[in-house]
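Peer 1: Below is one structure. I have some questions about it.
2 protein chains.
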Amino acid sequence: MKDVAAEAGVSIAAASKVLHGRGSNIRVSPEKAESIQTAARDLNYVPNALAQSMRLGRTGAVGLVFENFGRISGGPLFYIHLFDGVVGELFPKGYRLTVFPEVDPLSPLGIVSDGSVDGVVWCKMPETPEFTEAAKQSPVPIIALNSRPPESPDHVTYVSCDNLGGSSLMVEHLTSLGHERILFAMEKREERTPDALSRLAGFQAACHRMRVPFEPDRDVVVWSQDAAELPFWLKERPPHTAIFAWNEGFGASVLRQLLACGVRVPDEMSVAGFDSTQFCDALTPTLTAVRQPILEMASYATRLLMEQIAFGRDSRSPDVIFPCTVDVRQSTGPAPLKRRSASAGS
Amino acid sequence: MKDVAAEAGVSIAAASKVLHGRGSNIRVSPEKAESIQTAARDLNYVPNALAQSMRLGRTGAVGLVFENFGRISGGPLFYIHLFDGVVGELFPKGYRLTVFPEVDPLSPLGIVSDGSVDGVVWCKMPETPEFTEAAKQSPVPIIALNSRPPESPDHVTYVSCDNLGGSSLMVEHLTSLGHERILFAMEKREERTPDALSRLAGFQAACHRMRVPFEPDRDVVVWSQDAAELPFWLKERPPHTAIFAWNEGFGASVLRQLLACGVRVPDEMSVAGFDSTQFCDALTPTLTAVRQPILEMASYATRLLMEQIAFGRDSRSPDVIFPCTVDVRQSTGPAPLKRRSASAGS
DNA sequence: GTGAAAGCGCTAACAC
DNA sequence: GTGTTAGCGCTTTCAC
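As they're listed, the protein sequences go chains C and A.
Start counting the first sequence at 28; every next residue gets the next number (my numbering).
Start counting the second sequence at 28; every next residue gets the next number (my numbering).
Right under this line is the structure:
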């Protein structure tokens, strides 16, 4: 910019005014303005975004944080829809997206308050004290893409899907097929996440309502990511005729293990998952799953964030919960007759 | 930082040295250092990344540019593998990733020289004069993920797959199945991209080599994204028994249109695509496709970029071309024996 | 209308 | 060892 000013024979200030000044204060003679413009073009002047951000206190970038940042491809498409939703809102408004490497769980504040972004969409924000504290101290707004943890203070807006309702719908689907004992399968890594827990809670509540037996010891399992424990579980001849996996990727593991054990799905065992995406269609058999409208959720969260960036965090909006639906595919079917009690017809 | 220094009763410079100074120059008494550390912790001090970047002349962020930024989900998984490859290299080294909104085709320099990234991975960099010029002027290294345009100067390192070889392999696969006339189907939007053109070139060369007839007017079509023109093409009872689509997403469109027209794949018509991903497995029938190792390519490109960032652009490496392979799936099969007389259709 | 000057938060050379 | 200082590139107030 110094060069541009020199080239045009004016002060740096004048150049700045002409090149970036907002309407009212331009106050520069037309000729000078003209020559500044040409000089800038000739010199291929590009304003330094860093300096500009520093001075202006806004960066034009939004951060996206999702832990769990292994390979996205090959796994569930959840993150891809998330990404699409965020980007789809951000880019038309000229924002950039910055994706962060894994956050230090002990000082998560760093990413959010180092001044490099105007706000953050945080997917599955952990609910440890460190994160709660970080959220409070954060100088920029945060939208979390998960359910609000119980009693968490009001520093963050939560956008989530109705995990409880989604689980209920699936239990209703399964009972309507005649299943009378359903296993809820969780994944060790994610056992304590808000999403996993609320899906389990929804499952439990629905079991009670639908008069399906529920004993935590027998009807909930926590397996490793590839469900390697499933064969051993099968050996005990459990009474269950359906397995409800906490998410789609894990549902795929369950499917794979069952097939490896020679169990026919859905004839002998029905399998269902959570997070219905293109991925569920790619499995054999295709996987029945609860659909959470993640793309819409991500879009909405991003819009909310941009709003809070524009109007200040005081404009904080109430949490939003999106309803879930069930996509029925091949992996669920009528409960096998032999296992059904006399009361069931058909 | 001012606050930290004040709290610890030392100068700002001392604080800076202790908190970020590199080994040799620390020269601060242990007690002061100690009190600075505690003060920083107490105040939840987080260094301002912007100021730091500005001063140091490096940002710790790498840019990723891919035009064509519609919805990724639902389309080919090419971009997801790309993303994974880039992120997989970047994050372990502590780099951030900044994804840019669409680049102004008339002044593409902006994104690359506004100081906000240390380097750029540019997927399918257009080869207009503007972009060539921008690449030359760019203050940061650029790695392009596509073939080198003919005679382009040496400002950019190109990482690409062997589009020509990939096309050849597919033609060989099809001829080995007895196909004697193959249609190459391109997509209007992408008709002029280097990738599309080199795939076509490879197709043409292979046709000659394999003695498959090739007339540009009859054996190459340019259709809209959803291949809506296919039914009309079918009506003319073309002699082709196989269609080779320029990419996977377009291959899916072709498949869909054929199904809608009641043409059985692969019994009556074989279909093949380019870019073999999980997506090809999700189709019915699954799509035979050329596999370009995009994840590896992206990883490699990213490593190259980080190297050039670290050692200067002079360390520029030669272009790299990755070989392709063919993933045979359900959509290709033996050529129908009596195609001409027994053609089904309407 | 115009430009000198302060300062965003940080680092490094240099003088004490 | 320690603090003072200049300056990264930009914007904006304010005196001229």
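In this text, a Cβ means the ideal position worked out from N, Cα and C, and glycines have one as well.
#1: Which residues of chain C have a Cβ atom closer than 7 angstroms to the Cβ of ILE99 (chain A), listed in chain order?
#2: What does SER303 (chain C) reach in chain A if we use C-beta pairs closer than 9 angstroms?
#3: Report the rounded CA-to-CA distance for LEU91 (chain C) versus LYS120 (chain C), giving the unit in angstroms.
#4: For the alpha helix (DSSP H) that contains ILE99 (chain A), what are its first and last residues?
#5: Using a Cβ distance threshold of 8 angstroms, determine whether the region 353-362 of chain C contacts the region 171-190 of chain C, with at least three qualifying pairs required.
#6: May I ask you to check if the CB of VAL89 (chain A) is nearer than 6 angstroms to at least one heavy atom of the ligand SAH?
#7: Answer with buried or exposed for GLU242 (chain A), where buried requires no fewer than 16 other C-beta atoms within 10 angstroms of its C-beta.
#8: Starting from TRP273 (chain C), follow the alpha helix (DSSP H) in both directions and report where the run begins and ends.
#9: Since LEU136 (chain A) meets chain C, which of its residues come closer than 9 angstroms, beta carbon to beta carbon?
#10: With ALA316 (chain C) and GLU275 (chain C) assumed to form a contact (beta carbons below 8 angstroms), what rounded beta-carbon distance in angstroms separates them?
#11: Assuming VAL148 (chain C) and VAL89 (chain C) form a contact by the criterion Cβ under 8 angstroms, report the distance between their Cβ atoms to the nearest whole angstrom.
#12: Got a sec: is the Cβ-Cβ distance from GLY142 (chain A) to anything in chain C below 7 angstroms?
#13: So, is the C-beta of PHE118 (chain C) closer than 7 angstroms to a C-beta in chain A?
#14: In angstroms with no decimal places, state the Cα-to-Cα distance between ASP189 (chain C) and LEU172 (chain C).
#15: Are the region 186-204 of chain C and the region 252-260 of chain C touching by the rule of at least three beta carbon pairs closer than 8 angstroms?
#16: Going along the chain, which residues of its own chain have a beta-carbon closer than 6 angstroms to the beta-carbon of MET213 (chain A), five neighbours each way excluded?
#17: For MET8 (chain C), does the three-state DSSP call read helix, strand or coil?
#18: Once you ignore the five residues that flank ALA369 (chain A) on each side, which residues in its own chain have a CB closer than 6 angstroms to its CB?
#19: Note down the Cα distance separating MET152 (chain C) from PRO74 (chain A), rounded to an integer number of angstroms.
#20: According to DSSP, simplified to helix, strand and coil, what is VAL353 (chain C)?
#21: Look at the Cβ atom of HIS200 (chain A), then the Cβ atom of THR268 (chain A), and state whether they are nearer than 7 angstroms.
#22: Apart from the five residues on each side of it in sequence, which residues of its chain come closer than 6 angstroms, Cβ to Cβ, to ALA35 (chain C)?
#23: Count the other CB atoms, across all protein chains shown, that sit within 10 Å of the CB of HIS47 (chain A); report buried if there are 16 or more and exposed otherwise.
#24: Taking only the alpha-carbon atoms, compute the straight-line gap between ILE99 (chain C) and GLU116 (chain A) and give it to the nearest angstrom.
#25: Assuming TYR185 (chain A) is part of the beta strand (DSSP E), what are its boundary residues?
#26: With distances taken from CA atoms, which of C:ASP346, C:ILE209, C:TRP260, C:GLU334 is nearest HIS235 (chain C)?
#27: Give the range of the alpha helix (DSSP H) segment to which SER80 (chain C) is assigned.
#28: For PHE271 (chain C) versus ALA299 (chain C), is the C-beta spacing smaller than 7 angstroms?
#29: Contact check, LEU136 (chain A) vs SER165 (chain A) under 8 angstroms by CB: the rounded distance?
#30: Check whether chain A comes within 7 angstroms of MET324 (chain C), counting only Cβ atoms and requiring the distance to be less than that.
#31: Should THR313 (chain C) be flagged as near chain A, meaning a C-beta pair shorter than 7 angstroms?
#32: With a CB to CB cut of under 7 angstroms and the five nearest residues on each side skipped, what residues in its chain are close to TYR327 (chain A)?
#33: If contacts are defined as beta-carbon pairs under 8 angstroms, then SER195 (chain A) and GLY229 (chain A) qualify, I think. What distance do you get, rounded to the angstrom?
#34: Suppose you measure from the CA of LEU109 (chain A) to the CA of ILE321 (chain C); what does that come to, to the nearest Å?
#35: Going by beta carbon distance, what residues of the same chain come within less than 7 angstroms of SER22 (chain A), once the five residues before and after it are set aside?
#36: Ignoring anything shorter than 3 residues or poking outside the region 123-175 of chain C, list the beta strand (DSSP E) runs there in chain order.
Peer 2: The answer reads as follows:
#1: Sequence index remark: in the second sequence, residue 99 (chain A) carries index 72 (1-based). In chain order: ILE107, PHE110, ASP111.
#2: Locating residue 303 (chain C) in the first sequence gives position 276, where the first residue counts as 1. Those within 9 angstroms of SER303 (chain C) in chain A number zero; the least Cβ separation is about 12 angstroms.
#3: Your numbering for residue 91 (chain C) matches position 64 in the first sequence. Your numbering for residue 120 (chain C) matches position 93 in the first sequence. Near 16 angstroms, if we compare the C-alpha coordinates of LYS120 (chain C) and LEU91 (chain C).
#4: The sequence position of residue 99 (chain A) within the second sequence is 72, counting from 1. From DSSP, ILE99 (chain A) is part of no alpha helix (DSSP H); its letter is neither H nor E.
#5: Counting Cβ pairs under 8 angstroms, fewer than three are found: no touch.
#6: With respect to the ligand SAH, the structure shown offers nothing to examine, as it has no ligands at all.
#7: Within the second sequence, the letter at position 215 stands for residue 242 (chain A). Exposed, since its Cβ has fewer than 16 Cβ neighbours within 10 Å.
#8: Stepping through the first sequence from its first residue, residue 273 (chain C) is reached at position 246. Under the DSSP assignment, TRP273 (chain C) falls outside any alpha helix (DSSP H); it carries neither an H nor an E label.
#9: If you number the second sequence from 1, residue 136 (chain A) lands on position 109. Within chain C, the residues whose beta carbon sits less than 9 angstroms from that of LEU136 (chain A) are ASN71, VAL73, listed in sequence order.
#10: Counting from one through the first sequence, the residue named residue 316 (chain C) turns up at place 289. Counting from one through the first sequence, the residue named residue 275 (chain C) turns up at place 248. Going by Cβ atoms, the distance from ALA316 (chain C) to GLU275 (chain C) rounds to 6 angstroms, so yes, they are a contact pair.
#11: Taking the first residue of the first sequence as 1, we reach residue 148 (chain C) at position 121. Taking the first residue of the first sequence as 1, we reach residue 89 (chain C) at position 62. With a Cβ gap of about 7 angstroms, VAL148 (chain C) and VAL89 (chain C) count as contacting.
#12: For the purposes of this step, residue 142 (chain A) is identified with residue 115 of the second sequence, where counting begins at 1. So, interface residue.
#13: What you label residue 118 (chain C) is simply residue 91 of the first sequence in a count that begins at 1. For PHE118 (chain C), the nearest beta carbon of chain A is closer than 7 angstroms to its own beta carbon.
#14: Taking the first residue of the first sequence as 1, we reach residue 189 (chain C) at position 162. Taking the first residue of the first sequence as 1, we reach residue 172 (chain C) at position 145. The straight-line gap separating the alpha-carbon atoms of ASP189 (chain C) and LEU172 (chain C) is approximately 12 angstroms.
#15: These segments do not touch.
#16: The residue you call residue 213 (chain A) lines up with position 186 of the second sequence. So the qualifying residues of the chain are ALA223, VAL249, TRP273.
#17: No answer is possible for residue 8 (chain C): it lies beyond the span of chain C, which begins at 28 and ends at 373.
#18: As a working note, residue 369 (chain A) is residue 342 in the second sequence. Its pLDDT being 46, under 50, ALA369 (chain A) is placed unreliably by the model, and the measurement read from it follows with that caveat. Residues of the same chain with a CB within less than 6 angstroms of the CB of ALA369 (chain A), apart from the 5 flanking positions on each side, do not exist.
#19: Locating residue 152 (chain C) in the first sequence gives position 125, where the first residue counts as 1. Locating residue 74 (chain A) in the second sequence gives position 47, where the first residue counts as 1. Going by the C-alpha atoms only, they are around 23 angstroms apart.
#20: If you number the first sequence from 1, residue 353 (chain C) lands on position 326. Assigned with DSSP and collapsed to three states, VAL353 (chain C) falls in strand.
#21: Here the question's residue 200 (chain A) lines up with position 173 in the second sequence. Here the question's residue 268 (chain A) lines up with position 241 in the second sequence. In this structure, THR268 (chain A) does not lie closer than 7 angstroms to HIS200 (chain A) by Cβ.
#22: Against the first sequence, residue 35 (chain C) aligns to sequence position 8. Around ALA35 (chain C): SER62, ILE63, ALA66.
#23: For this step, residue 47 (chain A) is matched to residue 20 along the second sequence. Exposed is the call here.
#24: For the purposes of this step, residue 99 (chain C) is identified with residue 72 of the first sequence, where counting begins at 1. For the purposes of this step, residue 116 (chain A) is identified with residue 89 of the second sequence, where counting begins at 1. One C-alpha to the other measures close to 14 angstroms.
#25: Walking along the second sequence from the start, residue 185 (chain A) turns up at place 158. Per DSSP, TYR185 (chain A) belongs to the beta strand (DSSP E) from 184-188.
#26: If you number the first sequence from 1, residue 235 (chain C) lands on position 208. Each of C:ASP346, C:ILE209, C:TRP260, C:GLU334 was checked against the Cα of HIS235 (chain C), and the nearest Cα belongs to C:ILE209.
#27: Position 53 of the first sequence, counted from the first residue, corresponds to residue 80 (chain C). Unbroken alpha helix (DSSP H) run through SER80 (chain C): 76-83.
#28: Position 244 of the first sequence, counting from 1, holds the residue named residue 271 (chain C). Position 272 of the first sequence, counting from 1, holds the residue named residue 299 (chain C). Result yes, Cβ atoms of PHE271 (chain C) and ALA299 (chain C) sit closer than 7 angstroms.
#29: Here residue 136 (chain A) refers to the residue found at position 109 of the second sequence. Here residue 165 (chain A) refers to the residue found at position 138 of the second sequence. Contact holds; Cβ gap of about 7 angstroms.
#30: Within the first sequence, numbered from 1, the residue matching residue 324 (chain C) stands at position 297. MET324 (chain C) does not count as touching chain A.
#31: Here residue 313 (chain C) corresponds to residue number 286 of the first sequence, with the count starting at 1. False, the Cβ-Cβ gap to chain A never drops below 7 angstroms.
#32: Working through the second sequence from its first residue, we reach residue 327 (chain A) at position 300. Once the five neighbours on either side are set aside, the close Cβ partners of TYR327 (chain A) are VAL186, VAL347.
#33: On the second sequence, position 168 is the one that residue 195 (chain A) refers to. On the second sequence, position 202 is the one that residue 229 (chain A) refers to. Here SER195 (chain A) really is in contact with GLY229 (chain A); their C-beta atoms are around 5 angstroms apart, less than 8 angstroms.
#34: The residue given as residue 109 (chain A) occupies position 82 in the second sequence. The residue given as residue 321 (chain C) occupies position 294 in the first sequence. Rounded to whole angstroms, LEU109 (chain A) to ILE321 (chain C) spans 22 angstroms at the Cα level.
#35: Residue 22 (chain A) cannot be examined here, being either before or after the span of chain A that is shown, 28 to 373.
#36: Correct list: 123-126, 146-150, 169-172.
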